[in-house]
Each structure stands twice: as C-alpha cells, then as structure tokens.
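These notes are about the structure you will find just below.
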Amino acid sequence: MLKVLIITYYWPPAGGPGVQRWLKFVKYFKEFGIEPIVYIPENPTYPLVDDSLLSEIPAGITILKHPIFEPYRFAEFFSKKETNTISKGIITKKEKQSFVQKLLLYIRGNFFIPDARKFWVRPSVHFLKEYLVDTKVSMIITTGPPHSVHLIGQQLKKVLGIKWIADFRDPWTTIGYHTKLKLSNRSVAKHKGLEKKVLTETDHIVVTSFTTKTEFEAITDTSIAVITNGYDVESVSIVDLDSKFTISHIGSLLSGRNPKQLWKALYDLTKENKDFATQFELKLVGAVSDDVLFSIKEAGLSDYLEIKGYVSHTKAIEIQRSSQVLLLVEIDSPETRCIVPGKLFEYMISKRPILALGPGGADVSRLIRDTNSGSFFEYTEYEKIKSTVLDFFMLYRKGILVSNAVNIEKYSRRELTREMSEVLKSL
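End of the sequence shown sits at 427 in this note's numbering; the numbers just go up one at a time, nothing left out.
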C-alpha cells in the first residue's frame, strides 16, 4: 500500500459538490493499492450540511482533526444571512449590494488572503509536522478551494522534504467570484504571487478541466494531469419519471447564472403552445440568488416555478432521475469556460437529456458533445434554445424522451480513482 495524507477542508457532514471528489477517491483508493489518511478541521463552518454522506466514509480510514479559527462566525454579528449567502458563493450584483454586503466582500477579499480559512495553515503545519515524524507517508495531497489548504502542503514540503500534490477542484485567481471581492491592486498581486508559488513549488498538479490546465501551463512548468469529477453508482430507490414536463436545475444558481434568453424562451413557449403551458414545470433544487429569482418571475414564469431548496445528495439524485430534462447553467464569462461542475457527470448517468448554457468554448460543451448527453448553448442563442426545448417536449409527449449518452464509463468514480492512483504511483 502507498500511504498518502489528504488535506481537505470539506468532508462529511459537509454538503454540496466540494466534498464529493475526495470522499469518492478515498472510498475506492484501497482497491488500487493506496492507503489514505485524511486530515480535516475539527470545528468547521460548513454553509451546507448533508449527514447522509457520513455513511460513505469507508470503515477503518484514519481521520485526523485539528481545530480551525473561522472568522465567518464573527462576520455573522454583522449579518448572519449575508455571511451565509457569501460563504455559499452567492454574490448579489454590484448595483444591488447593501452596505453590509460591500463591507463583508471588501474584508473577505483584502484581509483574508487567499481566503477566510488562512488561520488553519500555521496550526495545521505544526500539528502535521509532529504527526509525520512518527507516521511515514509517501506524499501529501492538498485540495482546494479553499486554496489556503495548499499553503499547508507548501510549508510541509519545505520543512520535511515530502512529495506534495496540489489538486484544484476550481481555479484560483480566475474563478468566477474572484473579481467580485473588491480587491485592491495590492491584494490582486498577492493572490497571483501565492498562486504562482504554489503552482511552481508543488511536485505535481491535478485539475478538473482542460482549460484550467492550459491556464496553469502559462504560469508553471510543473507537470499537470486532468482528472475530472465524475459519477458514482448510488444506491437510491427506483423512481418514476415526473408526469409533468419538468426542467430541473440541481445546485446553486448564483447571480451570474441567469440565462434570461432561456427564461424568455420558456415563457414564449407557454404562450404559443397550450399543451406546453399545461405540462411545463421549472424545478430549482438548491440555493437560488434573489437576482435569478427576480429574472424568472419578471419573465412571467412564477406559475411554473417550484423551489425545492437544499436537499440531501441522495434526494438530489432521485430528483435528477425523475426529471424529464436536466438544466445546467454556468456564468456567461470567459473565466468560467474551465468550470466543469460535478453534477454534470451525475446528470449523464441519470439517463435524462441535459440542457446546458454557458460561455462559448466551455469545457462542458466538449464533454456533452463527446458523450452525446444533451445540448449546449451560449446565452444569446434564443431560437436554438427554444427549438431544442420544444423538441424535448414533443418527445416527452410521445413518451420517448431519453438520453442516449455514450462513453460515460470513464467518468465513473472508480475509474477516476484508478487514474488518480496511477498518477500518485508514478511520482
């Protein structure tokens, strides 16, 4: 067995997509000769909690914990609602931000670099340095965001000379919300400096998208592997398809994920097609920003809207499998072309057609095309969006709306763990 130490902030009972990637790697590692040790915060502040994920932690895994100082707890004195919203990544449009929102964003961006979990770095290095004297491991792996976790790996490598792999679930300075943090020029430079230092000092980099790999190759000569997120074969009850023509989005709809041409196309179809108006339902599962809700209601879709809120991962999978069409929306910005949300792969295995919107040249577009799992559009493609939704609806009315996805087996969590294991053994 190759013994590795995984340093991660997100771990069950944390909910949301951030916890899934390394929980699944740990689940399958031993099949491929890897013995994982997991290091997590003892008292984290998770914006989402999903106790159902606790059952997926393999028995016998060593889990180390050490306390963390969380400034978000103090920020709640200003506004608990605003703090919780920002911690989920939901940032209101600039012109609609309150004074408290602006203040919290400024403080978060300029006083907590690279992020609000920076205070876990020093105590973690001290704790793990002592632990690793007695427990020998072949390498350490850090996974971000939060990217402050990478600084733990950086310092452990410096003092112990141990191999260190940096895994980026999302990019650092080009992530969508980064420009909304009201950063000073000095703060921008500090972020970029830390990013370059991590990328050049790590022994190997793992990313989840091809675009992120290209971006990082312009910064560092360190070797980079692309290992995407994926799907697991979940044990959930068999569910029937919704009787209505449901278009469902599972996950957070941030302020920037607001495809107004889609909302317009859906509304126009309700006015032009009485059958569509009778059968259509827009289902949103997870946190939804006020800006997106306003746009949907302004478009005239209030009567067709069902908001489910946050649900457990198991329940989310059930909804995916029962929906007629699955909606995936990314922010319409060049910076988000690299974002490949984990739910894309769960969408694929659900065998329901995907309706995806995002920026031109997005990695998501390539993945959907290569797997024949749905249709991808840019935000402005009103006619194509409308035509495709109507095509989906006509197939639904005939009872033959299905996804004919191909070549998705390589995105199973077990297969991806095999890939990750080969990368680790090669170093």
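Ideal Cβ positions, reconstructed from N, Cα and C, are used throughout, including at glycine.
> Are Tyr46 and Pro13 close, meaning C-beta to C-beta below 9 Å?
Replying inline: To locate residue 46, count along the sequence shown from 1; it is residue 46. To locate residue 13, count along the sequence shown from 1; it is residue 13. Yes.
> Hey, Tyr411 and Tyr231: beta-carbon distance below 9 Å or not?
Replying inline: Along the sequence shown, read from residue 1 onward, the residue named residue 411 stands at position 411. Along the sequence shown, read from residue 1 onward, the residue named residue 231 stands at position 231. Going by C-beta atoms, Tyr411 is nearer than 9 Å to Tyr231.
>> Tell me which residue opens and which closes the alpha helix (DSSP H) that Ala277 is part of.
In response: Mapped onto the sequence shown, residue 277 falls at position 277. Residues Lys274 to Gln279.
> In or out: Asp291 buried (at least 16 other Cβ within 10 Å) or exposed?
Replying inline: Residue 291 sits at position 291 when you count from the first residue of the sequence shown. By the neighbour-count rule (16 or more Cβ atoms within 10 Å), Asp291 is buried.
>> Between which two residues does the beta strand (DSSP E) holding Val402 run?
In response: What you label residue 402 is simply residue 402 of the sequence shown in a count that begins at 1. Where Val402 is concerned, there is no enclosing beta strand (DSSP E), given that its DSSP letter is neither H nor E.
>> Under DSSP, the beta strand (DSSP E) around Tyr39 begins and ends at which residues?
In response: Numbered from 1 along the sequence shown, position 39 holds the residue referred to as residue 39. It spans Ile34 to Pro41 - the beta strand (DSSP E) in which Tyr39 sits, taken as one unbroken run.
> Which residues in the same chain have their Cβ closer than 6 Å to the Cβ of Ser223, if we skip the five residues on either side of it in sequence?
Replying inline: Here residue 223 corresponds to residue number 223 of the sequence shown, with the count starting at 1. The answer, listed in chain order, is His204.
>> Rounded to the nearest angstrom, what separates Val133 and Val4 at their Cα positions?
In response: Mapped onto the sequence shown, residue 133 falls at position 133. Mapped onto the sequence shown, residue 4 falls at position 4. In a straight line, the C-alpha of Val133 is about 14 Å away from that of Val4.
>> Quick test of your reading: Val198 and Leu253, contact by CB under 8 Å. State the CB separation rounded to the nearest angstrom.
In response: Residue numbering aside, residue 198 sits at position 198 when the sequence shown is read from its first letter. Residue numbering aside, residue 253 sits at position 253 when the sequence shown is read from its first letter. About 30 Å; that fails the 8 Å criterion.
>> Let me confirm a value: Ala75 is counted as buried when at least 16 other C-beta atoms fall within 10 Å, else exposed. Which label applies?
In response: Mapped onto the sequence shown, residue 75 falls at position 75. Only weak support is given to the placement of Ala75: the predicted model assigns it a pLDDT of 49, under 50, and the question is left unresolved by the model.
>> Using a 10 Å radius around the Cβ and a threshold of 16 neighbouring Cβ atoms, would you call Phe25 buried or exposed?
In response: The count along the sequence shown starts at 1 and reaches residue 25 at position 25. So Phe25 counts as buried.
> By DSSP, does Gly193 sit in helix, in strand, or in coil?
Replying inline: Position 193 of the sequence shown, counted from the start, is the residue given in the question as residue 193. Helix at Gly193.
> At what residues does the alpha helix (DSSP H) containing Ala316 begin and finish?
Replying inline: By 1-based counting over the sequence shown, the position of residue 316 is 316. Start and end: His313 to Ser322.
> Excluding five sequence neighbours on each side, which residues of the same chain lie with their C-beta closer than 8 Å to the C-beta of Glu42?
Replying inline: For the purposes of this step, residue 42 is taken as the residue at position 42 of the sequence shown. Closer than 8 Å at Cβ, skipping near neighbours: Lys65, His66, Pro67 and Ile68.
> Can you pull the DSSP bridge partners for Met139?
Replying inline: As a first step, residue 139 must be located in the sequence shown, where it is residue number 139. Beta-bridge pairing links Met139 to Val4 and Lys163.
> Roughly how many whole angstroms lie between the Cα atoms of Leu357 and Leu282?
Replying inline: Walking along the sequence shown from the start, residue 357 turns up at place 357. Walking along the sequence shown from the start, residue 282 turns up at place 282. Cα to Cα, Leu357 sits roughly 16 Å from Leu282.
> At what residues does the alpha helix (DSSP H) containing Val292 begin and finish?
Replying inline: Start at 1 with the first residue of the sequence shown, and residue 292 comes out as number 292. Unbroken alpha helix (DSSP H) run through Val292: Asp290 to Glu298.
>> Could you tell me the alpha carbon to alpha carbon distance between Leu416 and Thr228, rounded to whole angstroms?
In response: Here residue 416 refers to the residue found at position 416 when the sequence shown is read from its first residue. Here residue 228 refers to the residue found at position 228 when the sequence shown is read from its first residue. Leu416 and Thr228: Cα-Cα distance of roughly 8 Å.
> Tell me which same chain residues have a C-beta within less than 8 Å of the C-beta of Phe276, skipping the five on either side of it?
Replying inline: Locating residue 276 in the sequence shown gives position 276, where the first residue counts as 1. Phe245, Leu269, Thr270, Leu390 and Phe393.
> Is the region 154-171 in contact with the region 26-35, if contact means three or more CB pairs nearer than 8 Å?
Replying inline: no
>> Tell me which residue opens and which closes the beta strand (DSSP E) that His147 is part of.
In response: Along the sequence shown, read from residue 1 onward, the residue named residue 147 stands at position 147. That residue, His147, is in no beta strand (DSSP E); it is neither H nor E in DSSP.
>> By the three-class DSSP mapping on this structure, what secondary structure does Gly230 have?
In response: Working through the sequence shown from its first residue, we reach residue 230 at position 230. In the structure shown, Gly230 sits in coil (DSSP, three-state: anything other than H, G, I, E or B).
> Is the CB-CB distance between Leu395 and Ile354 below 9 Å?
Replying inline: The sequence position of residue 395 within the sequence shown is 395, counting from 1. The sequence position of residue 354 within the sequence shown is 354, counting from 1. No.
> Who are the Cβ neighbours of Ile296 in its own chain at under 8 Å, not counting the five residues just before and after it?
Replying inline: Looking up residue 296 in the sequence shown gives position 296. Answer for Ile296: Trp263, Leu282, Ser302 and Leu305, listed in chain order.
>> Need the endpoints of the beta strand (DSSP E) that Glu306 sits in, please.
In response: For this step, residue 306 is matched to residue 306 along the sequence shown. Where Glu306 is concerned, the enclosing beta strand (DSSP E) stretches over Leu305 to Gly309.
> With a CB to CB cut of under 6 Å and the five nearest residues on each side skipped, what residues in its chain are close to Lys196?
Replying inline: Translated into the one-based positions of the sequence shown, residue 196 becomes position 196. Same-chain partners within the cutoff: Ile219.
>> Please state whether the Cβ-Cβ distance between Pro208 and Val340 is less than 9 Å.
In response: By 1-based counting over the sequence shown, the position of residue 208 is 208. By 1-based counting over the sequence shown, the position of residue 340 is 340. Going by the sequence as given, residue 208 is Thr instead of Pro. Cβ distance < 9 Å, so Thr208 and Val340 count as in contact.
> Considering Thr417, what are the terminal residues of the beta strand (DSSP E) in which it resides?
Replying inline: Reading the sequence shown from its first residue, position 417 is the one you call residue 417. Where Thr417 is concerned, there is no enclosing beta strand (DSSP E), although the alpha helix (DSSP H) it sits in stretches over Arg413 to Ser426.
>> Going by C-alpha to C-alpha distance, which of Gly161, Val311 and Thr212 sits closest to Leu53?
In response: On the sequence shown, residue 53 is found 53 positions in, with the first residue counted as 1. Among Gly161, Val311 and Thr212, the Cα nearest to that of Leu53 belongs to Val311.
> Under a Cβ-count criterion, where at least 16 other Cβ atoms within 10 Å of its own Cβ denotes burial, should Phe77 be classed as buried or exposed?
Replying inline: Translated into the one-based positions of the sequence shown, residue 77 becomes position 77. Confidence is the limiting factor: at Phe77 the pLDDT is only 46, short of 50, which leaves the residue's position unreliable and the question unanswerable from this model.
>> If contacts are defined as beta-carbon pairs under 8 Å, then Ile37 and Thr8 qualify, I think. What distance do you get, rounded to the angstrom?
In response: Position 37 of the sequence shown, counted from the start, is the residue given in the question as residue 37. Position 8 of the sequence shown, counted from the start, is the residue given in the question as residue 8. In fact, because the Cβ distance is near 11 Å, the residues do not count as touching under 8 Å.
>> Using only CA atoms, which one of Val239, Pro171, Lys182 and Val125 lies nearest to Lys157?
In response: Translated into the one-based positions of the sequence shown, residue 157 becomes position 157. Minimum Cα distance to Lys157 is reached at Val125.
>> To the nearest angstrom, how far is the alpha carbon of Ile408 from that of Asp370?
In response: As a first step, residue 408 must be located in the sequence shown, where it is residue number 408. As a first step, residue 370 must be located in the sequence shown, where it is residue number 370. Whole-angstrom Cα-Cα distance: 9 Å.
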